[in-house]
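A.B. asks:
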Amino acid sequence: MNKRRPNPKQVPDPNEPLWRSTLRVAMPLNLSYIPIGLACGILLHAAGFNTLLTGLVSLLIFSGGAQFLIATMLTINSPLLSIVLMLFFLELRYALLSSSLSPYLKGQSNRFLFIFAISLNDENYAINYLKFATDKKWTGKEALMVEHYSLLFWAMSNVIGSLIGSALKIDLGIVNFALTALFLYMIVMQIKNRLTVVICLISGVLAAVCMMITKSTLGLVISTIISSLIGFGLETTLRKRLPDSHWFWKLRSPGAKQSAVEGSDGK
Amino acid sequence: MSTVNTWTSTQHFWLIILGFFVAFLPRYIPLMLFTKREIPEWFNEWMKFVPVSLFTALVVKDVFIDSKSYQLIFTQVPEMLAAVIVIIIAYRTRSMAISVITGLIGVFLLSMVI
Chain A
1 MNKRRPNPKQ VPDPNEPLWR STLRVAMPLN LSYIPIGLAC GILLHAAGFN TLLTGLVSLL
61 IFSGGAQFLI ATMLTINSPL LSIVLMLFFL ELRYALLSSS LSPYLKGQSN RFLFIFAISL
121 NDENYAINYL KFATDKKWTG KEALMVEHYS LLFWAMSNVI GSLIGSALKI DLGIVNFALT
181 ALFLYMIVMQ IKNRLTVVIC LISGVLAAVC MMITKSTLGL VISTIISSLI GFGLETTLRK
241 RLPDSHWFWK LRSPGAKQSA VEGSDGK
Chain B
268 MSTVNTWTST QHFWLIILGF FVAFLPRYIP LMLFTKREIP EWFNEWMKFV PVSLFTALVV
328 KDVFIDSKSY QLIFTQVPEM LAAVIVIIIA YRTRSMAISV ITGLIGVFLL SMVI
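Residue numbers (my numbering), protein chains in the order written: chain A, 1 to 267; chain B, 268 to 381.
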């Protein structure tokens with residue numbers, strides 16, 4: 001990506017204001033929110049949301065998955081209760097994300113935690129989690145700034161998407177793929193060793209089976225819980241019995257060295 | 268879109284308010300609890316596998332599951348091929364923006380050809 005830009009870890013610029021250094025961390029995420037946010041805005045417009053409400057939903061719910069789900073369920077005229085229930089199951093995963101961030105947010109006020117929770121999201125979680133894990137100087141204040149930058153870009157691109165939604169006729173299937181691509185990227189970034197690849201395969205098969213049985217996205221929640229428990233069980237057993245198992249061999253990505261979150265696979 | 272939603276803006280508004288609560292509580296309650304007391308070790312170890320499991324499940328839903336009947340489908344060939352492209356691009360570049368945009372262009376071009 002940016003070969004010429006000096007690594008911020010090696011060459012810290014003491015004069016760089018905090019808003020700019022955090023913006024630099026958040027910028028790749030912000031930019032990637034633009035196409036997805038536009039797509040989401042267009043989709044919500046197609047589902048009947050006006051521009052003002054599109055802005056409100058991106059500020060209050062702030063979840064690509066949830067907003068795509070709302071748009072999809074509205075176009076097939078689902079009842080309110082079933083949409084809200086679906087949203088609840090979809091958003092339940094944040095319980096796991098926010099508890100994994102909590103060790104880094106000890107001692108913060110309740111007010112801070114409240115504001116932090118409102119703007120927490122899959123992607124800014126990924127950035128903040130890696131920063132907390134690799135950068136000793138990363139604080140809650142900076143993490144919150146990253147969240148607010150991403151929230152700002154998300155809401156703006158949703159509103160703009162809603163505005164151009166009326167002018168453009170776009171194949172919704174293709175727009176929907178933005179979210180799939182985003183999840184694929186998140187998976188690739190999470191893969192650290194061979195065991196994770198195995199868990200991915202298990203999770204994929206389980207997800208298909210559970211969704212066919214439950215006939216709803218509730219299957220997603222069930223399969224996530226089961227496959228993460230299988231992963232947890234496999235890892236604990238392997239570590240106990242075969243600590244040098246080849247399943248723990250690291251997978252190195254050719255692009256990893258240029259990444260801003262370099263060093264995360266060094267633990 | 269062939270089907271047009273008949274809801275009014277007021278109904279959309281209430282959907283957003285209810286959606287806010289179900290989105291906010293799962294994010295806030297664990298933060299509030301676990302910043303005050305210790306998280307058990309096993310919980311943390313388990314948590315490591317949650318994001319990757321969930322994202323895989325979501326991709327499987329988008330690519331292989333029909334959104335109305337919840338049956339397994341293998342007809343979304345452009346999406347399947349584009350997914351492979353996205354994985355390769357994400358692996359090589361580690362860039363979210365490049366991955367998503369290549370995926371969108373890929374699925375657009377492939378659906379015209381196939």
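Here a beta-carbon is modelled for each residue, glycine too, at the ideal position from N, C-alpha and C.
Assuming Tyr236(B) is part of the alpha helix (DSSP H), what are its boundary residues?
C.D. replies: With chain B running from 268 to 381 in the structure shown, residue 236(B) is simply not present.
A.B. asks: Find the residues of chain B that neighbour Ile199(A), judging by a C-beta separation of less than 9 Å, and give them in chain order.
C.D. replies: The residue labelled residue 199(A) in the question sits at position 199 within the first sequence. Residues of chain B passing the Cβ test: Phe316, Val319, Ser320, Thr323.
A.B. asks: Measure how close the beta-carbons of Leu220(A) and Ala290(B) come, nearest whole angstrom, since I'm counting them as under 8 Å.
C.D. replies: Numbered from its first residue, the first sequence carries residue 220(A) at position 220. Numbered from its first residue, the second sequence carries residue 290(B) at position 23. 16 Å between Cβ atoms; not a contact.
A.B. asks: Quick check on this structure: which residue in Ile118(A), Lys215(A), Gly165(A) has the alpha carbon closest to the alpha carbon of Phe288(B)?
C.D. replies: Looking up residue 288(B) in the second sequence gives position 21. Closest option to Phe288(B), Cα to Cα, is Ile118(A).
A.B. asks: Around the Cβ of Gly48(A), are there at least 16 other Cβ atoms within 10 angstroms (buried) or fewer (exposed)?
C.D. replies: If you number the first sequence from 1, residue 48(A) lands on position 48. Looking at its Cβ environment, which holds 16 or more other Cβ atoms inside 10 Å, Gly48(A) is buried.
A.B. asks: Smallest Cα separation from Leu44(A): which of Ser276(B), Val374(B), Ala357(B)?
C.D. replies: As a first step, residue 44(A) is located in the first sequence; it is residue number 44 there, counting from the start. Per the Cα distances, Ser276(B).
A.B. asks: Whose Cβ in chain B lies nearer than 9 Å to the Cβ of Glu235(A)?
C.D. replies: Along the first sequence, one-based indexing puts residue 235(A) at 235. Within 9 Å Cβ-Cβ: Glu312, Lys315, Phe316.
A.B. asks: Using the beta-carbon count (16 or more within 10 Å), is Asn2(A) buried or exposed?
C.D. replies: The count along the first sequence starts at 1 and reaches residue 2(A) at position 2. Its pLDDT being 45, under 50, Asn2(A) is placed unreliably by the model, and the measurement read from it follows with that caveat. Label assigned to Asn2(A): exposed.
A.B. asks: Could you name the residues of the stretch 336 to 370 of chain B whose beta carbon sits closer than 7 Å to any beta carbon of chain A, in the order they occur along the chain?
C.D. replies: Cβ contacts with chain A: Tyr337, Gln338, Leu339, Glu346, Ala349, Ala350, Val353, Ile354, Ala357, Tyr358, Arg359, Thr360, Arg361, Ser362, Met363, Ala364, Ser366, Val367, Ile368, Gly370.
A.B. asks: Between Leu229(A) and Ser320(B), what straight-line distance do the alpha-carbon atoms span, to the nearest angstrom?
C.D. replies: The count along the first sequence starts at 1 and reaches residue 229(A) at position 229. The count along the second sequence starts at 1 and reaches residue 320(B) at position 53. Approximately 10 Å between the Cα atoms of the pair.
A.B. asks: At least one CB of chain A closer than 8 Å to the CB of Met379(B): is that the case?
C.D. replies: Position 112 of the second sequence, counting from 1, holds the residue named residue 379(B). No - not a single Cβ of chain A is within 8 Å of the one on Met379(B).
A.B. asks: By Cβ distance, which residues of its chain are closer than 7 Å to Leu23(A), with the 5 residues on each side in sequence left out?
C.D. replies: By one-based count along the first sequence, residue 23(A) stands at place 23. The answer, listed in chain order, is Tyr149.
A.B. asks: Tell me where the alpha helix (DSSP H) around Phe112(A) begins and ends.
C.D. replies: On the first sequence, position 112 is the one that residue 112(A) refers to. Unbroken alpha helix (DSSP H) run through Phe112(A): 110 to 118.
A.B. asks: DSSP on Asn50(A), reduced to helix/strand/coil?
C.D. replies: As a position in the first sequence, residue 50(A) is number 50, starting the count at 1. Coil, per DSSP.
A.B. asks: Taking only runs that begin and end inside the stretch 293 to 367 of chain B, name each unbroken alpha helix (DSSP H) of 4 or more residues, in chain order.
C.D. replies: As far as the stretch 293 to 367 of chain B is concerned, its whole alpha helix (DSSP H) runs of at least 4 residues are 308 to 314, 317 to 331, 344 to 360.
A.B. asks: In whole angstroms, what separates the C-alpha of Gly373(B) from that of Ala181(A)?
C.D. replies: One-based indexing of the second sequence puts residue 373(B) at position 106. One-based indexing of the first sequence puts residue 181(A) at position 181. Whole-angstrom Cα-Cα distance: 10 Å.
A.B. asks: What is the DSSP secondary structure of Asn121(A), counted as helix, strand or coil?
C.D. replies: One-based indexing of the first sequence puts residue 121(A) at position 121. Asn121(A) falls in the coil class under three-state DSSP.
A.B. asks: Could you check whether the stretch 132 to 147 of chain A touches the stretch 70 to 79 of chain A, counting it as contact only if at least three pairs of C-beta atoms, one from each stretch, sit closer than 8 Å?
C.D. replies: At 8 Å Cβ cutoff, the stretches do not touch.
A.B. asks: Could you give the DSSP three-state label for Asn193(A): helix, strand or coil?
C.D. replies: Here the question's residue 193(A) lines up with position 193 in the first sequence. Reduced to three states, the DSSP call for Asn193(A) is strand.
A.B. asks: Rounded to whole angstroms, what is the Cα-Cα separation between Glu16(A) and Leu144(A)?
C.D. replies: As a working mapping, residue 16(A) is identified with position 16 in the first sequence. As a working mapping, residue 144(A) is identified with position 144 in the first sequence. The straight-line gap from Cα to Cα measures roughly 18 Å.
A.B. asks: Buried or exposed for Pro35(A), going by 16 or more other Cβ atoms inside 10 Å?
C.D. replies: Position 35 of the first sequence, counted from the first residue, corresponds to residue 35(A). When all chains shown are included, Pro35(A) counts as buried.
A.B. asks: Closer than 8 Å by C-beta to Met189(A): which residues in its own chain qualify, once you throw out the five before and the five after it? Chain order, please.
C.D. replies: Position 189 of the first sequence, counted from the first residue, corresponds to residue 189(A). Counting only Cβ-Cβ distances below 8 Å, and skipping sequence neighbours, we find Ala126.
A.B. asks: Are there 16 or more other CB atoms within 10 angstroms of the CB of Lys131(A), so buried, or fewer, so exposed?
C.D. replies: Numbered from 1 along the first sequence, position 131 holds the residue referred to as residue 131(A). With 16 or more Cβ atoms within 10 Å of its Cβ, Lys131(A) is classed as buried.
A.B. asks: So Ala66(A) and Gly286(B) are in contact, right, with Cβ under 8 Å, and what is the actual spacing, rounded?
C.D. replies: Your numbering for residue 66(A) matches position 66 in the first sequence. Your numbering for residue 286(B) matches position 19 in the second sequence. Yes, they are in contact, since the Cβ atoms of Ala66(A) and Gly286(B) sit about 7 Å apart, within 8 Å.
A.B. asks: What in chain B is Cβ-close to Val146(A), meaning under 9 Å?
C.D. replies: By 1-based counting over the first sequence, the position of residue 146(A) is 146. Here the premise fails: no neighbours, minimum Cβ distance about 14 Å.
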